[in-house]
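Trainee: So this note's numbering is basically just the index in the sequence shown, starting at one, shifted up by 43.
Glycine is no exception: its CB is placed at the ideal position from the N, C-alpha and C atoms.
Remember, it's a predicted structure, so these values are computed and weren't measured experimentally.
One structure follows; several queries about it will come next.
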Amino acid sequence: MAGNAVAESADGPRWRRDPEAKKLAIINAARHLFTEDGYAPTSVRDIADAAGVNQSLVFRYFGSKDRLYAKAVPQKAYIDALFEDGQATAIANLVQTILGGSGGEAAPVVSLIRSARENDQLGRLHREGFDQIVGTIADSIDRPDAALVAELLFAWVVGIGVANDILCRPELLAGEPEQIASIVNEVVIALGIAPR
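Written out as structure tokens, the structure reads:
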């Protein structure tokens, strides 16, 4: 289980003074544990312990583990931010997110896919997020088959995560996420999949 995810200050944990900081600490702890361990094995008690709060506070703020998960997984604002600087940057950001680049934590693609298959609500949340990503990529491609190209690009990026998580390919594991993202961008440009 992860250590305390709450930000500390000279006056002690920030959440003791600020209810919004408590919520943020819970969301951050949940995001970390869902990413690290997956949805099913992560308990509300684990999340509360990691956030440094009582389990009842998690239920008070979020109502259920499912609702907390919905808040902790990437939402529309996160996906919009991925595409803020254009498609090429977005694809690089996706690859880095999946592999844990730029000091971030790797998103366990296989764990997310499994949890989506085990729980209908989680599956719907993931499909909505994936649809938004693919749609945004398709909107930025100037080709008649943009929707198919976007699906293939997304499948390729997810495949990189699967190869990293399950197959443990040595060259992929040895590569820096930023380097892998750069190579993916080079291939996208070489294929002529230019953003609009």
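Looking at the structure shown, is I180 part of a helix, part of a strand, or coil, going by DSSP?
Mentor: helix
Trainee: Apart from the five residues on each side of it in sequence, which residues of its chain come closer than 6 Å, Cβ to Cβ, to R88?
Mentor: Q98
Trainee: Alpha carbons only, please: which of K108, D61, P187 is nearest the one belonging to R74?
Mentor: K108
Trainee: If you run the structure through DSSP and keep just helix, strand and coil, what is G146?
Mentor: With a pLDDT of 48 at G146, under the threshold of 50, the modelled position of that residue is not reliable, and the figure given next carries that caveat. In the structure shown, G146 sits in coil (DSSP, three-state: anything other than H, G, I, E or B).
Trainee: If I follow the unbroken alpha helix (DSSP H) through S225, where does it start and stop?
Mentor: 220-233
Trainee: Would you mind working out which of R212, I236, V205, G166 sits nearest V116, comparing C-alpha positions?
Mentor: Between V116 and the set R212, I236, V205, G166, the nearest pair of CA atoms involves G166.
Trainee: What number of angstroms, rounded off, separates the C-alpha of A83 from the C-alpha of V101?
Mentor: 17 Å
Trainee: I'd like to know whether the C-beta atoms of I203 and V192 end up nearer to each other than 8 Å.
Mentor: No.
Trainee: Span of the alpha helix (DSSP H) holding T78?
Mentor: 62-80
Trainee: Could you check the C-alpha separation between V200 and Q175 for me, to the nearest Å?
Mentor: 15 Å
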